[in-house]
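Structure first, then comments.
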Amino acid sequence: MFFFNRLKYSDSALVLFIKADELVTKKLSYTTNKPHYQFFKGLIEGNMALAYANKGEYKKALPLLKKDIYYSKKVCDFESAFNSCIVLSRCWIHLKEMKGAQNYADSALELCNTLNRPKITLKLLLLQAELLDEQGQANNSINKYKAYLNLKDSISDSEKEMQLINQQVALDIQKKDLEILEKSTLLQNSKINEEKQKAFRAYLIAGLVILIILIVFLFYTNNNSKKREFELSQKNLRIQQQNKQIEGSLKEKETLLREIHHRVKNNLQIISSVINLQADKISDAKLKDILNELKLRISSIALTHQMLYQKESVSTVYIQDYLQNLVTQIIGSYDHRIKINVIVDQKNFILNIDTAIPLGLLVNEILTNSFKHAFKGMQGGQIDIHVNTLGKNVDLTIKDNGIGLPSNYLELMKKPTTLGFELISILVEQLNGTLEINNSNGTEYKLNFTI
Numbered sequence: 003m004f005f006f007n008r009l010k011y012s013d014s015a016l017v018l019f020i021k022a023d024e025l026v027t028k029k030l031s032y033t034t035n036k037p038h039y040q041f042f043k044g045l046i047e048g049n050m051a052l053a054y055a056n057k058g059e060y061k062k063a064l065p066l067l068k069k070d071i072y073y074s075k076k077v078c079d080f081e082s083a084f085n086s087c088i089v090l091s092r093c094w095i096h097l098k099e100m101k102g103a104q105n106y107a108d109s110a111l112e113l114c115n116t117l118n119r120p121k122i123t124l125k126l127l128l129l130q131a132e133l134l135d136e137q138g139q140a141n142n143s144i145n146k147y148k149a150y151l152n153l154k155d156s157i158s159d160s161e162k163e164m165q166l167i168n169q170q171v172a173l174d175i176q177k178k179d180l181e182i183l184e185k186s187t188l189l190q191n192s193k194i195n196e197e198k199q200k201a202f203r204a205y206l207i208a209g210l211v212i213l214i215i216l217i218v219f220l221f222y223t224n225n226n227s228k229k230r231e232f233e234l235s236q237k238n239l240r241i242q243q244q245n246k247q248i249e250g251s252l253k254e255k256e257t258l259l260r261e262i263h264h265r266v267k268n269n270l271q272i273i274s275s276v277i278n279l280q281a282d283k284i285s286d287a288k289l290k291d292i293l294n295e296l297k298l299r300i301s302s303i304a305l306t307h308q309m310l311y312q313k314e315s316v317s318t319v320y321i322q323d324y325l326q327n328l329v330t331q332i333i334g335s336y337d338h339r340i341k342i343n344v345i346v347d348q349k350n351f352i353l354n355i356d357t358a359i360p361l362g363l364l365v366n367e368i369l370t371n372s373f374k375h376a377f378k379g380m381q382g383g384q385i386d387i388h389v390n391t392l393g394k395n396v397d398l399t400i401k402d403n404g405i406g407l408p409s410n411y412l413e414l415m416k417k418p419t420t421l422g423f424e425l426i427s428i429l430v431e432q433l434n435g436t437l438e439i440n441n442s443n444g445t446e447y448k449l450n451f452t453i
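Under this note's numbering, the very last position in the sequence shown is 453; numbers go up by exactly one each time.
Here it is in C-alpha cells:
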C-alpha cells in the first residue's frame, strides 16, 4: 500500500487502503483496545487522503486528513499529525482556500516546534514557501525557500560526513584484524623455524636472515601503527569540534525560541493594553465587563509565553508557579476581599505549552465566573484550588463558598447559553479531560486530565 502511494500509483493504493480500513473498522466493533485501533484507522485514512490528493481529488482528502490529525494527537504521534497537517494545507492551497491552508500551516509549525527535528523543519519550510508564493508574497517565499535549501544542504553534508567517518572506522578495524592475523602467522612460522634450527644446524644462516627480516617488518609495522594512531586522534579532534558547533547551533535555536515567546508575550500585552484603552472610553458597564474578561483571557495566554522564556526550559512550565501567577493576575482585576488558596502536591510537576494554555484559560474562566457571581450579597469569600498528581494524571479541584450555580446549571453545561460555559466545555474537550460539578455549599469544579 505504502509502496504504491510513494510511486503515486494512487488507484492501486486506494484499493488496498479501503480493504485495510474495512478490516480495522470490523476490529473496532468488538475490541476493547479502541484508541489503538482508532489510531491505525486514522493512519490508514490519512494515507487514503494522500492517495486522493495525488489524484487531485482534494475535497475527498480533507475529512480523512482531519481525522488522522485528531487520532494521531490523541496517541501523541505528533509526526503523523504533522505530516497530515502538511498534506491538508497543500490541499487547501490547490483549492485556493488560503485561510484554511494558513491555519494548518500554523498547526504544522506548532507540531514542528514540539518535534524539533531538522527533517521535519525541512518539510515545513517548503510548505511555507509554497503558501507564501500562493499568497503573492514572493520575497518572503524566496526567503523561506532559501532557508529550506540551506537546511537541506546542512543535513546532507552532515549525513555524508558521518558516513565517511563510519567507513573509515570500519576500514581501520579491518586493517587491524589483518595485522593481527599477519602477526599470528609470523609467530607460527618463527616456531617452525626454531624447530628446524634444532634439527638442522645447516640452516642457521637462513634462520638468522629470517629473524632480521622479521625485526625489520615489526619495526615498519610499528611505525605505520603510530601513524594510524595519529590520524585517528586528528579525526577524533575534528569530531569534537563538530560537536561543539552543533551545541552552539542548538543554543542559538533555543535563544531564538525564547525570543519568539518574548515577542508573542509582548504582542499579547499590546493587544491587552489596546483593550484597556478602549474600555476606559466606554461607559456601558456590561461592555466593560466583556472587555475585561477578554483582557484576562489574553493575559492568561501571555503569562504562559512569559514563563516559558523566563525559565530554563522553553517548552514547559511548573504547575505551582503557573497557577500562582495566574491567580495573582486575576485577583488584580477583581475584588481583593476574595481569598484564594493554591495547594499543589508536587510543586515541580511540569506542563507543556499545549496543555498550559488551555488549562490557564479554563482556570481563568472558572475563577472569573466565581468573582462575578459566586459572592453576590456577601462581604467576602474564599476559593480553594487543589492539584493532585499521579504519574501523568492530574486532578484539579476549584471550590468556592459562594451562593452556588443556578438550579439549571447541568442544562447550561450541555447547551451553553453564555460564552463562559461554552469556553469551559471547549477547553475541557481540548484537554481530553472530564469535568464534574458539585453545586452544594458553594460550587466545586473537579477536572481530570492526562498530560
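From the three backbone atoms N, C-alpha and C, an ideal C-beta is built for every residue, glycine too.
Considering only their Cβ atoms, is the gap separating residue j from residue i smaller than 8 Å?
i           : j           : result
residue 332 : residue 363 : no
residue 129 : residue 91  : yes
residue 277 : residue 293 : yes
residue 93  : residue 55  : yes
residue 343 : residue 386 : yes
residue 120 : residue 157 : yes
residue 47  : residue 66  : yes
residue 124 : residue 150 : yes
residue 210 : residue 192 : no
residue 144 : residue 84  : no
residue 133 : residue 169 : no
Residues in the same chain with beta-carbon distance under 6 Å from residue i, minus the five sequence neighbours each way, listed in chain order, please.
i           : result
residue 377 : 383, 404
residue 4   : Any reading at residue 4 must be qualified, since the residue scores a pLDDT of 46, below 50, and its modelled position is unreliable; no value is offered.
residue 388 : 345, 399
residue 503 : Look at the range of the chain in this structure, 3 to 453, and you will see that residue 503 is not part of it.
residue 430 : 437
residue 208 : none
Could you compute how far the alpha carbon of residue i sits from the alpha carbon of residue j?
i           : j           : result
residue 95  : residue 58  : 12 Å
residue 135 : residue 154 : 20 Å
residue 373 : residue 340 : 8 Å
residue 322 : residue 351 : 8 Å
residue 394 : residue 182 : 54 Å
residue 61  : residue 402 : 49 Å
residue 106 : residue 126 : 11 Å
residue 287 : residue 281 : 9 Å
residue 75  : residue 82  : 8 Å
residue 195 : residue 227 : 27 Å
residue 110 : residue 262 : 16 Å
residue 301 : residue 368 : 15 Å
residue 407 : residue 444 : 8 Å
residue 379 : residue 329 : 23 Å
residue 381 : residue 375 : 13 Å
residue 199 : residue 213 : 12 Å
residue 233 : residue 243 : 15 Å
residue 251 : residue 152 : 14 Å
residue 176 : residue 160 : 24 Å
residue 137 : residue 68  : 23 Å
residue 236 : residue 245 : 14 Å
residue 446 : residue 423 : 15 Å
residue 100 : residue 272 : 27 Å
residue 77  : residue 98  : 32 Å
residue 439 : residue 392 : 22 Å
If I'm right that residue i touches residue j with Cβ under 8 Å, what's the distance once you round it to whole angstroms?
i           : j           : result
residue 303 : residue 279 : About 19 Å separates the two Cβ atoms, so there is no contact after all.
residue 358 : residue 396 : Rounded, the Cβ-Cβ distance is 12 Å, inconsistent with contact.
residue 305 : residue 365 : Not a contact, Cβ separation roughly 11 Å.
residue 371 : residue 453 : Not really, about 25 Å apart at Cβ, beyond 8 Å.
residue 347 : residue 410 : Wrong, their Cβ atoms sit about 34 Å apart, outside the cutoff.
Applying the criterion that 16 or more other CB atoms from any shown protein chain within 10 Å of the CB defines a buried residue, is residue i buried or exposed?
i           : result
residue 50  : buried
residue 421 : exposed
residue 441 : exposed
residue 162 : exposed
residue 70  : buried
residue 20  : exposed
residue 295 : buried
residue 114 : buried
residue 222 : exposed
residue 426 : buried
residue 131 : buried
Grab me the residues of residue i's own chain with a C-beta within less than 7 Å of its C-beta, minus the 5 sequence neighbours each way, in chain order.
i           : result
residue 435 : 449, 450, 451
residue 102 : 94
Apart from the five residues just before and just after residue i, which ones in its own chain have a Cβ nearer than 8 Å to its Cβ?
i           : result
residue 356 : 112, 116
residue 80  : 74, 113, 116, 117
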